[in-house]
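Step one of this worksheet: look at the structure below.
Numbering (this note's numbering), first residue to last: 1231 to 1354.
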C-alpha cells in the first residue's frame, strides 16, 4: 500500500505543523532534476527545482525562526545562513537549480527535524 502524501492528508498546507511542513517539502517533493524546464503550467508541480519550492522552504524556515521552533542557537545560525544564500541575488541569478542546492536544503531540513539519515533512506 502506497503511503499517502502529507498534501493528500492535509488539503490545506497552512494547517500543517512546522515539522510536517518541513517533512512535506523534503519527502513529498521530488529531488529529480527533469530534462525539461518546469513552469507554472507544468502538470507535475512537486519538484524541488521549482522556484516556488524554494520560496516555500525559506518561508517555512523564517516562520520557524520567528516562532521559536528552532531553539538551538548554532542551528539558528545555519538556518540564517541558508536563508541568506537562497534569497541572494547570486542564487536567484543561477539559471537552473543544482543537485547540490537540493542536497543542502534536504540537509538543513533533516538537521532541524533531528532525523537520522538511515530513517530518511528507509522512507524513500
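Every residue, glycine too, gets a C-beta built ideally from N, C-alpha and C.
This one's a predicted model, so the numbers in the text were calculated from it and none came from an experiment.
Kindly indicate which three-state DSSP category residue 1247 falls into: helix, strand or coil?
Locating residue 1247 in the chain shown gives position 17, where the first residue counts as 1. In this structure, residue 1247 counts as coil in the three-state DSSP scheme.
When burial is assigned at 16 or more other CB atoms within 10 Å of the CB, is residue 1303 buried or exposed?
Sequence index remark: in the chain shown, residue 1303 carries index 73 (1-based). Answer is exposed; the Cβ neighbour count stays below 16.
What are the uninterrupted segments assigned as alpha helix (DSSP H) that are 4 or more residues long and contained completely in the stretch 1280–1342, given in chain order?
1281–1296, 1303–1316 and 1319–1322, all fully within the stretch 1280–1342.
Going by beta-carbon coordinates alone, are residue 1263 and residue 1305 separated by less than 8 Å?
As a working note, residue 1263 is residue 33 in the chain shown. As a working note, residue 1305 is residue 75 in the chain shown. No, these two residues do not count as a Cβ contact at 8 Å.
Quick one: residues in its chain with C-beta nearer than 6 Å to the C-beta of residue 1345, no 5 flanking neighbours on either side, listed in chain order?
By 1-based counting over the chain shown, the position of residue 1345 is 115. Excluding positions up to five away in sequence, the list is empty.
For a quick check, are the C-beta atoms of residue 1284 and residue 1315 less than 8 Å apart?
Taking the first residue of the chain shown as position 1, residue 1284 is located at position 54. Taking the first residue of the chain shown as position 1, residue 1315 is located at position 85. No. Outside cutoff.
Express the C-alpha separation of residue 1320 and residue 1352 in angstroms, rounding to a whole number.
Taking the chain shown and counting its residues from 1, one reaches residue 1352 at position 122. Taking the chain shown and counting its residues from 1, one reaches residue 1320 at position 90. Note that residue 1352 scores 44 on pLDDT, short of 50, meaning its location in the model is unreliable; the coordinates nonetheless yield the value given after this. If I take the Cα positions, the gap works out to 35 Å.
So residue 1309 packs on residue 1291, CB below 8 Å; how close in whole Å?
Along the chain shown, one-based indexing puts residue 1309 at 79. Along the chain shown, one-based indexing puts residue 1291 at 61. Indeed, because the Cβ distance is near 5 Å, the residues count as touching under 8 Å.
What does the alpha-carbon distance come out to for the pair residue 1256 and residue 1266?
Your numbering for residue 1256 matches position 26 in the chain shown. Your numbering for residue 1266 matches position 36 in the chain shown. Looking at the two C-alpha atoms, the distance is approximately 22 Å.
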